[in-house]
Amino acid sequence: MTDRISTGMMFSQSLSSMLARQKQLNTLQEQLATGQKLVTAKDDPVAAGTAVGLDRTLAELERFGKNANTVANRLGLQENVLAQAGDYMTRVNELAIQANNDSLSDEDRQAIAAELRSIRDGMLSVANSTDGSGRYLFGGSADDVAPFSRTASGVAYNGDQTQRRVEIAPETFVADATPGSEIFMRVRTGDGTVDAQAAAGNAGTGVVAGYGRSASGSWGGEAYQVTFTGSGSYDVLDGSGATVASGTWASGQDISVGGLRLSIEGQPAAGDSFSIGPAPTRDVFSTLDNLIGALETATTTPAEQAARRNALQGAMRDVARASEQMIDARAAGGAQLATIDNAGEVRAANDVTIRSTLSELRDLDYAEAITRFQMESTALQTAQTVFTRMQGLSLFNLLR
Numbered sequence: 185m186t187d188r189i190s191t192g193m194m195f196s197q198s199l200s201s202m203l204a205r206q207k208q209l210n211t212l213q214e215q216l217a218t219g220q221k222l223v224t225a226k227d228d229p230v231a232a233g234t235a236v237g238l239d240r241t242l243a244e245l246e247r248f249g250k251n252a253n254t255v256a257n258r259l260g261l262q263e264n265v266l267a268q269a270g271d272y273m274t275r276v277n278e279l280a281i282q283a284n285n286d287s288l289s290d291e292d293r294q295a296i297a298a299e300l301r302s303i304r305d306g307m308l309s310v311a312n313s314t315d316g317s318g319r320y321l322f323g324g325s326a327d328d329v330a331p332f333s334r335t336a337s338g339v340a341y342n343g344d345q346t347q348r349r350v351e352i353a354p355e356t357f358v359a360d361a362t363p364g365s366e367i368f369m370r371v372r373t374g375d376g377t378v379d380a381q382a383a384a385g386n387a388g389t390g391v392v393a394g395y396g397r398s399a400s401g402s403w404g405g406e407a408y409q410v411t412f413t414g415s416g417s418y419d420v421l422d423g424s425g426a427t428v429a430s431g432t433w434a435s436g437q438d439i440s441v442g443g444l445r446l447s448i449e450g451q452p453a454a455g456d457s458f459s460i461g462p463a464p465t466r467d468v469f470s471t472l473d474n475l476i477g478a479l480e481t482a483t484t485t486p487a488e489q490a491a492r493r494n495a496l497q498g499a500m501r502d503v504a505r506a507s508e509q510m511i512d513a514r515a516a517g518g519a520q521l522a523t524i525d526n527a528g529e530v531r532a533a534n535d536v537t538i539r540s541t542l543s544e545l546r547d548l549d550y551a552e553a554i555t556r557f558q559m560e561s562t563a564l565q566t567a568q569t570v571f572t573r574m575q576g577l578s579l580f581n582l583l584r
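The opening residue of the sequence shown carries number 185 in the numbering used here; numbering runs sequentially from there.
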């Protein structure tokens, strides 16, 4: 049996071919107009889904980049501010050494105290630095209020202890600026572990010459008081007031007890006492105030001069600890900045890779698209010509 193709079927097939080519031509026109292969998701559902996922990843990388820039700016400002604070502390140490000279007059020391007051005010201003957007650097998470303020008793910290952690890459976090309480307020005195002080009101000329943990023996964190009883004799009392040791002493000789050692120079009077034990914390501003107070106190007697030397030497030790704490904060910030730089390099490489993949998925190859457009245009014109000719085919036309 011979297969027959009706005229209707021929018309239908020809029309379908033209419509398909017209549709393809329209798609190519849209692609050429937009420069995109994926004009709509239905053009390539798999590629479109992949592109959406990559867009999300790019948005996340952008968010990480903004986070990194924000925290890097704050850490960079912290570095600059703490460098300035360190310069202040260096000058304080120079002035304390200069002031610890018996040849200076009270007027000379008053002038040094005046400069120290200016430094203290500058230090307070530095501690209240902002990041340029009105947020305070050293307030912890409470960065909308000045973290430090003057009070009747000194300087108070108004921030909190929270150090923000900011995500700068997937599962990679860096610490924001250090809370000011950790830099300016909670500074260990003495050598950072042990501190020794002369009692206020000592009548002799005894001056703390050195102290620390002794080479032999173990120290459990106890505090002791060394009281001189006269004729080079002394008693050592523990925290409860019980005598735990006694002995004779010569100027500069170590007194050892409970794993600690204490060296006193000069001549303590009977009843004079010195304490040694765990180093407490003190804020930088109190250290400066103590130093200023020592310099502004007139000294005429040998005992007053010894008290001033004790105050100055204690302040110099505390200044050294404060400087170390600032250096530690700068080092920690530098480590965070290094982490940010490393994460930035990885983030930039990922960004390039993702954008390259997106380009392969979306960006149009104009040369290829133009060639296809020309081919489809030619094919459509041919189909239209054939269809037009088919419209003229009929039995009546053949009989004419």
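Cβ atoms here follow ideal geometry from the backbone N, Cα and C, with glycine treated the same way.
field: Beta-carbon separation (whole angstroms), Met500 vs Asn342, contact threshold 8 Å
entry: As a working note, residue 500 is residue 316 in the sequence shown. As a working note, residue 342 is residue 158 in the sequence shown. Actually they do not touch by this definition, with Cβ atoms about 29 Å apart.
message: Taking only three categories from DSSP, how would you classify Gly270?
response: As a first step, residue 270 must be located in the sequence shown, where it is residue number 86. Correct three-state label for Gly270: helix.
- prompt: Within the chosen definition, does the segment 246 to 264 reach the segment 516 to 529 through at least 3 CB pairs nearer than 8 Å?
  reply: yes
task: Keeping to the same chain, check which residues put their C-beta closer than 7 Å to that of Glu351; ignore five residues upstream and five downstream.
output: By 1-based counting over the sequence shown, the position of residue 351 is 167. Phe248, Asn251, Phe357.
field: Three-way DSSP call (helix, strand, coil) for Thr462 in this model
entry: For this step, residue 462 is matched to residue 278 along the sequence shown. The sequence given here has Pro at residue 462, not Thr. Note: Pro462 maps to strand in three-state DSSP.
field: Classification of Ile439 by the beta-carbon crowding that lies within 10 angstroms, buried from 16 upward
entry: As a working mapping, residue 439 is identified with position 255 in the sequence shown. By the neighbour-count rule (16 or more Cβ atoms within 10 Å), Ile439 is buried.
- prompt: Is the segment 447 to 458 close to the segment 386 to 399, with three or more CB pairs under 8 Å?
  reply: yes
- prompt: Under a three-way DSSP split, which group does Thr411 fall into?
  reply: The residue you call residue 411 lines up with position 227 of the sequence shown. Strand, per DSSP.
task: Just the C-alpha distance for Ala235 and Leu321, rounded to the nearest angstrom, thanks.
output: As a first step, residue 235 must be located in the sequence shown, where it is residue number 51. As a first step, residue 321 must be located in the sequence shown, where it is residue number 137. Each residue's Cα considered, the two are about 40 Å apart.
query: Three or more C-beta pairs closer than 8 Å, one from the segment 279 to 296 and one from the segment 523 to 530: is that the case here?
result: no
query: Between Tyr418 and Ala495, what straight-line distance do the alpha-carbon atoms span, to the nearest angstrom?
result: Position 234 of the sequence shown holds residue 418. Position 311 of the sequence shown holds residue 495. Taking the straight line joining both Cα atoms gives about 22 Å.
- prompt: Between Arg397, Ala382, Phe368, which lies nearest to Asp375 when the distance is taken from Cα to Cα?
  reply: Indexing the sequence shown from 1 puts residue 375 at position 191. With distances taken between Cα atoms, Asp375 lies closest to Arg397.
Limits of the alpha helix (DSSP H) - the one that Gln381 falls within: The residue labelled residue 381 in the question sits at position 197 within the sequence shown. Careful: Gln381 lies outside any alpha helix (DSSP H), inside the beta strand (DSSP E) at 378 to 382.
- prompt: In the segment 286 to 333, which residue ranges form an unbroken alpha helix (DSSP H) of at least 4 residues, counting only runs that do not cross its ends?
  reply: 290 to 311
query: Three or more C-beta pairs closer than 8 Å, one from the segment 422 to 437 and one from the segment 322 to 337: is that the case here?
result: no
With 16 other Cβ atoms within 10 Å as the buried cut-off, status of Pro229: To locate residue 229, count along the sequence shown from 1; it is residue 45. It is exposed - the Cβ of Pro229 has fewer than 16 other Cβ atoms within 10 Å.
- prompt: Grouping DSSP H, G and I as helix and E and B as strand, with all else coil, what is Arg348?
  reply: Residue 348 sits at position 164 when you count from the first residue of the sequence shown. Note: Arg348 maps to coil in three-state DSSP.
- prompt: Going by Cα to Cα distance, which pick from Ala295, Ser365, Ile476 is closest to Ser325?
  reply: Translated into positions along the sequence shown, residue 325 becomes position 141. The residue with the shortest Cα to Cα distance from Ser325 is Ser365.
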